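> Dropping the structure in here first, questions after.
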Amino acid sequence: MFDRVADAYDAGRPSYPDEMYRAVIELSGVDLDGATTVDIGAGTGILTRALRARGSHVIAVDPGAGMLTRLMSRSGSGTPAVAAVQGDGNALPLGDGVADLVTYAQSWHWLDPVVSISEARRVLRRRGAIVGCWNLNHAAQADWLAAYEARLAAEVPAYWGPAVEQWSVPPIASAFEVIEERWIPWTRLIGIEDFLLDLRSHSYMAALSPEAADALVERRRAELREEFPEGVLSVPMRVYLAVGR
Ligand SMILES: C[S@@+](CC[C@H](N)C(=O)[O-])C[C@H]1O[C@@H](n2cnc3c(N)ncnc32)[C@H](O)[C@@H]1O
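The sequence shown begins at 587 in the working numbering and counts up by one.
Here you go:
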C-alpha cells in the first residue's frame, strides 16, 4: 500500500519536533545516544534518521521494499550505521533481548495489537521501552484546517482522521499496565505543494484511482491557493506520544 506513495511520503511527511525526543528520553529512561533501537514500520526513515542523528544504532524494519529502498538511499554512510530489514513487526526477524527501544512512528495501528507488543517485549532488553508516536494535524486549532479535513472526509471513502466523529488515537496505551502519554503541540510551516504531497502520501489517498486522486488534489490546491495566496501554510500539529515499559 505505502510503496505506491513512497515518493510522496518521503517528500511530504513531516519530521517530529525536538521536544518529542526529549520526552522519549525522559519517559523511557533510555538515552538515545548509544542505544540500540528497532524502528518498526520505519517506512522511508523519517524517525530512523532522527534517531541515528541522536546517536542510536537503528535496525529499521518494514515489509515495504520501496519504502526501505528510499530509507537506505537517504541514510547514506556514516556512524552509527543503519541496518534495514524487510520484515513484519508481528514476527520480527530478530533475536531475543537485542534492543533498548522499540519504536512505532505512525505505524503500530497497522500491526496486530497483541502479537506486535509481545514481539516487541521479546526483542527488548530488561530495562527497555516501547515507544509509539503519531504526528497529527490539530484541526481544532484552525478553522481552515478543520474545513480542509471535513472536505476530505466528505470526498474520500476511506478517509480516517480528526473529521470523523469516531476517530481517536490508536489504542496502544491499552496494551500496557504502565504507560506514559504526552501530547506535544508544534507548528509546521509548509508550502502548499509540499502540503499536497503529504496529502497524497496517506493510505486513504492510495486507495483512490490515480484519476480521482489527481482531481481531488487539484480541488484542494485551488482552495488553498485562494485562501493563502502567498503559498505558505502554518499548520497546527500535535504529536501523540506513548511510552510503555
Ligand atoms: C505511515 S508509515 C510510517 C513510516 C515512518 N515510521 C514515519 O514515521 O513516517 C507506516 C509504515 O508501516 C509499515 N507497515 C505496515 N504493516 C506493517 C507490519 N506488519 N510490520 C511492520 N511495518 C508495517 C508500512 O509499510 C509503512 O511503511
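No residue lacks a Cβ here, since even glycine has one placed at the ideal position from N, Cα and C.
This one's a predicted model, so the numbers in the text were calculated from it and none came from an experiment.
(1) Quick one: does the C-beta of G664 sit closer than 7 Å to a heavy atom of ligand 2?
(2) Residues bridged to N723 by DSSP?
(3) Using only the heavy atoms of ligand 1, determine whether one of them is closer than 7 Å to the beta carbon of I626.
(4) Whose C-alpha, out of Q672, S663, R707 and Y790, is nearest the C-alpha of T655?
(5) Residues in its own chain within less than 8 Å of D686 by CB, not counting five upstream and five downstream?
(6) According to the Cβ coordinates, are V688 and A706 closer than 8 Å?
(7) Quick one: give me the first and last residue of the alpha helix (DSSP H) that L613 is part of.
(8) For the 8 Å Cβ check, are there 3 or more pairs between the region 593–602 and the region 625–634?
(9) Reducing DSSP to helix, strand and coil, say where W772 ends up.
(10) Nearest to R824 by CA position, among G681, H643, A609 and W769, is which residue?
(11) For S754, does the count of other Cβ atoms within 10 angstroms reach 16, so buried, or fall short, so exposed?
(12) Tell me whether L633, by its Cβ, gets closer than 7 Å to a heavy atom of ligand 1.
(13) Identify the residues that DSSP records as bridge partners of Y745: which are they?
(14) Does H852 come out as helix, strand or coil in the three-state DSSP assignment?
(15) Could you tell me which residues DSSP pairs with I626 in its beta bridges?
(16) To the nearest angstrom, how far is it from the Cα of L810 to the Cα of D682?
(17) Here's the rule: buried if 16 or more other CB atoms are within 10 angstroms of the residue's CB, otherwise exposed. What is Q692?
(18) Distance check for V700 and T773, CA to CA, integer angstroms please.
(19) What's the C-alpha gap between S661 and A749?
(20) Does the beta-carbon distance from I765 to V684 come in below 8 Å?
(21) Is any non-hydrogen atom of ligand 1 found closer than 7 Å to the C-beta of F781, if you look at the structure I gave you?
(22) Cβ of P649 versus every heavy atom of ligand 1: is any distance shorter than 7 Å?
(23) Using a threshold of 8 Å, state whether the C-beta atoms of R639 and A669 are closer than that.
(24) Around the Cβ of L827, are there at least 16 other Cβ atoms within 10 angstroms (buried) or fewer (exposed)?
Concretely, from the data shown:
(1) Within the structure as shown, ligand 2 is missing, the only ligands being ligand 1.
(2) M823
(3) yes
(4) Q672
(5) V616, A621, T622, T623, L710, R711, R713, G714 and A715
(6) yes
(7) D604 to S614
(8) yes
(9) strand
(10) W769
(11) exposed
(12) yes
(13) Y745 pairs with nothing; no bridge assigned.
(14) Outside the displayed range of the chain (587 to 831) lies residue 852, so it cannot be described from this structure.
(15) V647 and Y690
(16) 50 Å
(17) buried
(18) 33 Å
(19) 35 Å
(20) no
(21) no
(22) yes
(23) Rather than Arg, the amino acid found at residue 639 in this sequence is Ala. Taking 8 Å as the Cβ cut-off, A639 and A669 do not qualify as a contacting pair.
(24) buried
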